[in-house]
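Comments concern the structure below.
There are 2 protein chains.
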Amino acid sequence: MRLVGVLITYVLLSACVDGKPQVLSSWVEGATRSAIIDFVAEVTTEGSPHFVPVVDRIAVFDHDGTLWAERPEYFQFLMIYEQVRAQAADHPEWREEQPFKAVLGNDTAYLDGLDYAAARQLSAAVSGGMTTTDYMALSHDFATRSLHPEFNARYADLRYQPMLELLEYLEGHRFRVFIVSGGDMGFIRGFSEPLYGIPRDRVIGSSRSNMFADDSSSILRGKKYASMNVGANKALNIDLHIGRPPVFAVGNSDGDLAMLAYTASHDGFVLLLSHDDDEREYGYTDGAEVALQAAHEEGWTVASMHDDFERIFVQTN
Amino acid sequence: MRLVGVLITYVLLSACVDGKPQVLSSWVEGATRSAIIDFVAEVTTEGSPHFVPVVDRIAVFDHDGTLWAERPEYFQFLMIYEQVRAQAADHPEWREEQPFKAVLGNDTAYLDGLDYAAARQLSAAVSGGMTTTDYMALSHDFATRSLHPEFNARYADLRYQPMLELLEYLEGHRFRVFIVSGGDMGFIRGFSEPLYGIPRDRVIGSSRSNMFADDSSSILRGKKYASMNVGANKALNIDLHIGRPPVFAVGNSDGDLAMLAYTASHDGFVLLLSHDDDEREYGYTDGAEVALQAAHEEGWTVASMHDDFERIFVQTN
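Given below as structure tokens:
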């Protein structure tokens, strides 16, 4: 089986134009890239002892911090803040009430410590009752227009080029790729098709207790979350939406741990992205300590942004 | 636009072998079959004013009574009864306790009046704590082995041939077809791939509050239902799993009404299957009165099993 892998790796590595590999070309040629190519060859080569039928080829990717930058703030939060400001004239009470007051006063110290509960409160206030279609239009507009506060680039331009190549590589080997994000389902669906080529029905995110409009025309966003798609819920929602364990999983934080462990327990490939490039992106391990420890103990593959990414972002950087 | 439809219909109807149409060949040539073909031509022909891009081509099908027989009892109930009998030795208390007692004593009068709450109680008792994978294996085995109590045929052989052709026809026009059933998600997923060619991730059903196993290897079925996928929940779960309204919807009962109305409100095609063939299948309107009335008022297409189905079942009947 290893021989098959080595052989396929050789064939793929040989498929170069002017010495540059044609697949995963923004990945540094080294152990991480080879591990990916070897695994995909093993599970997609007929006759290999680890061959996986097409119907079982499920790949799952976390979103924030895995497919694009998540620092200094989740992009979704920035959209919510913008909506709070846009809707403030209709809610004079927000001027005195936290966490709205902090957003309107740009109280960065307060906002830096914002917890999920407060973020949910803001999100419910600005989008409860909105149709899911309108919410997707909002996030599509925001993702293709708004600038990251530090990189002076649109978030759409802060997608990780090596990960886009990995999505394409897996799809080329007939994997069905799903985004499995802690972010709001509608938020990610607003741009998953133009930015990642992933249809909305392959986006799993946090979901709300929505309502069916009286005139049957639309779905209205509820004010409460039905499922926060982090931790064990990622594994549960993979089963709910997909119905089989993944063969390939990519994440970057402790919130992905259950999804990664679920994949590993079915002999799947687990890739943990390490944010260790303070110069080109960000250097941090907080929120990923447990996942990094698990990767070390379980022998999961860790991709170093510093060492494994030839380039970081879609745009020249 | 109508001209385009007519033209395409002509071309398709001309594609015959020895005078027999090659598509939807188990549908009687008439208004219902033509309405389907015309609609699909309109939404899939480039330049048509009603052209629908591939990414938006979502079709949803109810399962019981739409893709296979649902009388005299839901097949899922029969599997649950079998499990009650199989597990009875471990539960002596069931001999005295309803609804278990009725199952073990084959009290058909009691079981005929079984409501959803009692059925859920039975289902929870026999499958709570089972892995979702094991449950799918159970239903796969049952669907391909067990006999319908009146037709002396396996349920797998009681799939409706015209509907199988419709699934294939839509998929041939690049629709993504989803099953949207009131039945248990895992129950339908157990056989959706071999019986309908529909992958598990395109099956939406009633779901439970499941648990992630401590060893991270599997998902355990909870004892409570999280979402009963009937009525408005069908529309809500379509949005949850798919993220866009369907363009084509097929159902047969009042439980499908919200899904059908949601599709209709987006100019989608709505097909309501009428069980009006007492000789070849069953004749009944109970549980479909509101849907039939809505179809009449809204101008939805009603498919008559008696008039529109050349043959009913996959097997020769």
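Protein chains in written order, with our numbering: chain C, 1 to 317; chain U, 318 to 634. From the three backbone atoms N, C-alpha and C, an ideal C-beta is built for every residue, glycine too.
DSSP places alanine 543/U within a strand segment (E or B) once states are collapsed to three. Contacts with chain U at 8 Å (Cβ-Cβ) do not include threonine 66/C. For chain C, none of the residues of the stretch 425–439 of chain U brings a beta carbon within less than 8 Å of one of its beta carbons.
In the structure shown, the three-state DSSP call for glycine 422/U is coil. Leucine 421/U and proline 199/C have their alpha carbons spaced roughly 47 Å apart.
The secondary-structure analysis by DSSP pairs serine 523/U across a beta bridge with Asp501/U. Legend: CB atoms of the stretch 224–245 of chain C lying less than 7 Å from CB atoms of chain U belong to residues Ala232, Ala235, Leu236, Asp239, Leu240, His241, Ile242, Gly243 and Arg244. Only residues of its own chain outside the window of five on either side were considered, and among them Pro99 have a CB closer than 6 Å to the CB of alanine 118/C, listed in chain order. Within the model, the alpha-carbon separation for serine 181/C versus serine 343/U is close to 44 Å.
Taking C-beta separations shorter than 8 Å and ignoring five residues to either side along the sequence, the partners of glutamine 438/U in its chain run Pro416, following chain order.
Going by beta carbons, glycine 604/U and serine 570/U fall inside the 8 Å limit. Around alanine 530/U, the same chain offers Leu537 as residues with beta carbons nearer than 6 Å, after the five sequence neighbours per side are excluded.
Within the DSSP bridge table, the entry for methionine 528/U names Leu537/U as partners. With three or more CB-CB distances shorter than 8 Å, the stretch 234–253 of chain C counts as touching the stretch 49–62 of chain C.
Chain order gives the chain C residues near valine 520/U as Gly243, where near means a beta carbon separation below 8 Å. Under a criterion of Cβ atoms nearer than 7 Å, the residues of chain C adjacent to phenylalanine 529/U are, in order, Ala232, Ala235, Leu236 and Ala258. Boundaries for serine 621/U: no alpha helix (DSSP H) harbours it, while the beta strand (DSSP E) harbouring it runs 618–621, taken from the DSSP string. Within the same chain, Cβ atoms closer than 6 Å to the Cβ of alanine 549/U are found at Ala575, the five residues on either side in sequence being excluded. Nearest neighbour of threonine 383/U by Cα position, chosen from Ile555/U, Gly500/U and Glu615/U, turns out to be Gly500/U.
For arginine 597/U, the secondary structure class from DSSP, reduced to helix, strand or coil, is coil. Of all residues in the stretch 488–511 of chain U, only Arg493, Phe495, Met502, Gly503, Arg506, Ser509 and Glu510 come within less than 9 Å of chain C when Cβ atoms are compared, listed by chain position. Nearest in C-alpha terms to alanine 608/U, of all of Leu428/U, Gly503/U, Gly446/U and His592/U, is His592/U. Taking 7 Å as the Cβ-Cβ cut-off, the stretch 576–595 of chain U approaches chain C at Ala578, Tyr579 and Ser582, given in chain order.
By DSSP's assignment, leucine 272/C forms a beta bridge with Gly251/C and Val302/C. Per DSSP, valine 377/U is not a residue of any alpha helix (DSSP H); the beta strand (DSSP E) it occupies stretches across 375–378. Arginine 311/C carries a coil assignment under DSSP once its states are collapsed to helix, strand and coil.
Under the 8 Å criterion on CB atoms, serine 139/C is classed as non-interfacial with respect to chain U. The C-beta distance from serine 127/C to tyrosine 116/C rounds to 16 Å, too long to meet the 8 Å contact threshold.
Linking tyrosine 196/C to valine 203/C through their CA atoms gives a straight-line distance of about 11 Å.
8 Å or more divides the Cβ of proline 389/U from the Cβ of phenylalanine 626/U.
In the DSSP assignment, threonine 602/U falls outside any alpha helix (DSSP H), carrying neither H nor E.
Under the three-state reduction of DSSP, isoleucine 515/U is assigned to coil, being neither helix nor strand. Measuring C-alpha to C-alpha distances from valine 357/U to each of His408/U, His457/U, Phe368/U and Glu606/U identifies Phe368/U as the nearest. Contact note: proline 516/U reaches chain C through Val55, using a C-beta cutoff of 7 Å and chain order. By the C-beta criterion, the stretch 394–411 of chain U is judged not to be in contact with the stretch 522–529 of chain U, since fewer than 3 inter-stretch pairs fall below 8 Å. Chain-ordered, the chain C residues with CB closer than 8 Å to the CB of threonine 449/U read Asp239 and Gly243.
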